[in-house]
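Novice: Residue numbers (the UniProt record's numbering): 1 to 325.
Here a beta-carbon is modelled for each residue, glycine too, at the ideal position from N, C-alpha and C.
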């Protein structure tokens with residue numbers, strides 16, 4: 001049995017202010033490619049076989065995530081082992097949601113091999129995902145363009161402080177407020193380089209939160225009154241203008257500001273010919289527009305700064321994970 005799950009772009013967190021008693025919330029799109037593919041069968045112990053070439057450090061990180069997710073699910077369903085083969089993977093810490101997809105995919109294939117079908121919300125709780133953004137969990141389950149409603153905030157609530165999903169293990173996934181098929185192609189520019197994760201990610205949340213109330217108010221208005229209707233009405237320009245504007249608001253402004261000057265320059269240049277933003281903490285830039293022009297500018301950037309990277313033309317995944325028997 002095989003399972004394919006989508007990657008995702010994260011366009012922004014909605015409310016990292018918390019005055020209304022709720023925090024987080026997010027906007028994002030599930031992607032058809034890159035994806036994570038894992039194959040599973042019964043075993044008496046946890047076995048992991050990589051069928052792809054992968055950097056040794058990334059392999060260790062990925063193996064650890066898979067092992068932990070498999071063990072947590074096996075403990076719940078009362079089994080001792082699973083044999084897993086990794087056939088494809090999403091680059092770790094690139095802004096494409098690899099951590100959530102690895103955990104949910106591993107958990108799902110492990111439970112299904114033993115005839116138990118655990119839903120995405122249950123798997124997220126078991127594997128400790130979705131503690132800040134609900135986009136990755138919803139992308140796995142249904143795909144599409146997604147807006148989630150975050151978490152209750154304050155003493156005795158879901159969360160009492162600002163922190164990323166990696167440091168929010170016991171928080172339930174966010175409710176999905178809006179989900180719709182997404183029809184526009186997307187180009188990903190993925191430079192290799194510095195990545196934000198772990199303790200550094202936690203420190204960034206502490207430093208830049210809470211964000212100004214006026215930023216949150218503007219983000220909410222843009223998402224509710226411009227972005228969501230644009231998806232329904234297939235209004236490409238209205239949707240894209242919000243993408244560009246979000247880069248200068250709220251926590252996204254901090255995420256963009258932390259990028260290298262060369263990457264910020266590329267983002268500005270791409271915004272001259274397309275609608276572009278940083279996905280999550282980056283370094284991936286997603287762009288909507290003419291694929292050839294976006295690719296040409298991205299390649300010029302890689303050549304100019306001597307940076308290795310990847311440019312991927314992709315589309316939305318509007319169905320979520322897929323089981324291949």
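1) In the DSSP assignment, find the beta strand (DSSP E) that holds residue 294 and state where it starts and stops.
2) Among residues of its own chain, excluding the 5 on either side of residue 145, which ones have a beta-carbon nearer than 6 Å to its beta-carbon?
3) Which residue wins for smallest C-alpha separation from residue 185, given the options 67, 280, 50, 240?
4) Taking the DSSP output, what are the residues bridged to residue 287?
5) Residue 281 by DSSP, collapsed to three states: which one?
6) Using C-beta distances below 8 Å, list every residue in its chain close to residue 44, excluding the 5 sequence neighbours before and after it, in chain order.
7) Based on the DSSP output, what are the partners of residue 32 in its beta bridges?
8) Report yes or no: do three or more beta-carbon pairs, one from the segment 128-148 and one from the segment 311-318, lie closer than 8 Å?
9) Going by C-alpha to C-alpha distance, which of 133, 209, 47 sits closest to residue 253?
10) Roughly how many whole angstroms lie between the Cα atoms of residue 215 and residue 306?
11) What number of angstroms, rounded off, separates the C-alpha of residue 13 from the C-alpha of residue 26?
12) With residue 2 as the anchor, note down where its beta strand (DSSP E) starts and where it stops.
13) Whole-angstrom Cβ separation of residue 109 and residue 98, contact assumed at under 8 Å?
14) Is it the case that the Cβ atoms of residue 96 and residue 5 are separated by a distance below 8 Å?
15) For residue 83, does the three-state DSSP call read helix, strand or coil?
16) Residue 159 to residue 10, Cα distance in whole Å?
17) Which same chain residues, not among the five before or five after residue 273, have their C-beta less than 8 Å away from its C-beta?
18) So residue 90 is in the beta strand (DSSP E); what residue range does that whole segment cover?
19) Would you identify the three-state DSSP class for residue 265, choosing helix, strand or coil?
20) Should residue 119 be labelled buried (16 or more other beta-carbon atoms within 10 Å of its own) or exposed?
21) Any idea what DSSP makes of residue 232, helix, strand or coil?
22) Flag this pair as yes or no: are the beta carbons of residue 189 and residue 38 separated by less than 8 Å?
Specialist: The answer reads as follows:
1) Mapped onto the chain shown, residue 294 falls at position 294. Element bounds for residue 294: not the beta strand (DSSP E) but the alpha helix (DSSP H), 291-305.
2) On the chain shown, position 145 is the one that residue 145 refers to. So the list reads 29, 180, 182, 231, once near-sequence residues are dropped.
3) Looking up residue 185 in the chain shown gives position 185. For the residues 67, 280, 50, 240, the minimum Cα distance to residue 185 belongs to 240.
4) Position 287 of the chain shown, counting from 1, holds the residue named residue 287. Bridge partners of residue 287: 187, 276.
5) Residue numbering aside, residue 281 sits at position 281 when the chain shown is read from its first letter. Shown here, residue 281 sits in coil according to DSSP, grouped into three states, outside any helix or strand.
6) Numbered from 1 along the chain shown, position 44 holds the residue referred to as residue 44. The residues are 80, 81.
7) By one-based count along the chain shown, residue 32 stands at place 32. Among the bridge pairs identified by DSSP, residue 32 is matched with none.
8) These segments touch.
9) Translated into the one-based positions of the chain shown, residue 253 becomes position 253. Cα-wise, what sits closest to residue 253 is 209.
10) Counting from one through the chain shown, the residue named residue 215 turns up at place 215. Counting from one through the chain shown, the residue named residue 306 turns up at place 306. The C-alpha of residue 306 is placed about 36 Å away from the C-alpha of residue 215.
11) Against the chain shown, residue 13 aligns to sequence position 13. Against the chain shown, residue 26 aligns to sequence position 26. Distance from the CA atom of residue 13 to the CA atom of residue 26, rounded to whole angstroms, is 4 Å.
12) Within the chain shown, the letter at position 2 stands for residue 2. Where residue 2 is concerned, the enclosing beta strand (DSSP E) stretches over 2-15.
13) As a working note, residue 109 is residue 109 in the chain shown. As a working note, residue 98 is residue 98 in the chain shown. Going by Cβ atoms, the distance from residue 109 to residue 98 rounds to 16 Å, so no, they are not a contact pair.
14) The count along the chain shown starts at 1 and reaches residue 96 at position 96. The count along the chain shown starts at 1 and reaches residue 5 at position 5. Contact flag unset, no.
15) Position 83 of the chain shown, counted from the start, is the residue given in the question as residue 83. Of the three classes helix, strand and coil, the one that applies to residue 83 here is strand, per DSSP.
16) What you label residue 159 is simply residue 159 of the chain shown in a count that begins at 1. What you label residue 10 is simply residue 10 of the chain shown in a count that begins at 1. C-alpha separation (whole angstroms): 21 Å.
17) Here the question's residue 273 lines up with position 273 in the chain shown. If we look at residue 273 and ignore the five residues flanking it on each side, its Cβ neighbours are 289, 290, 293, 294, 297.
18) Taking the first residue of the chain shown as 1, we reach residue 90 at position 90. That residue, residue 90, is in no beta strand (DSSP E); it is neither H nor E in DSSP.
19) What you label residue 265 is simply residue 265 of the chain shown in a count that begins at 1. DSSP places residue 265 in helix when its eight states are reduced to three.
20) The sequence position of residue 119 within the chain shown is 119, counting from 1. Taking every protein chain shown into account, the CB of residue 119 has fewer than 16 other CB atoms within 10 angstroms, so this residue is exposed.
21) Indexing the chain shown from 1 puts residue 232 at position 232. Of the three classes helix, strand and coil, the one that applies to residue 232 here is helix, per DSSP.
22) Within the chain shown, the letter at position 189 stands for residue 189. Within the chain shown, the letter at position 38 stands for residue 38. Their beta carbons are not under 8 Å apart, which means residue 189 does not touch residue 38 by this criterion.
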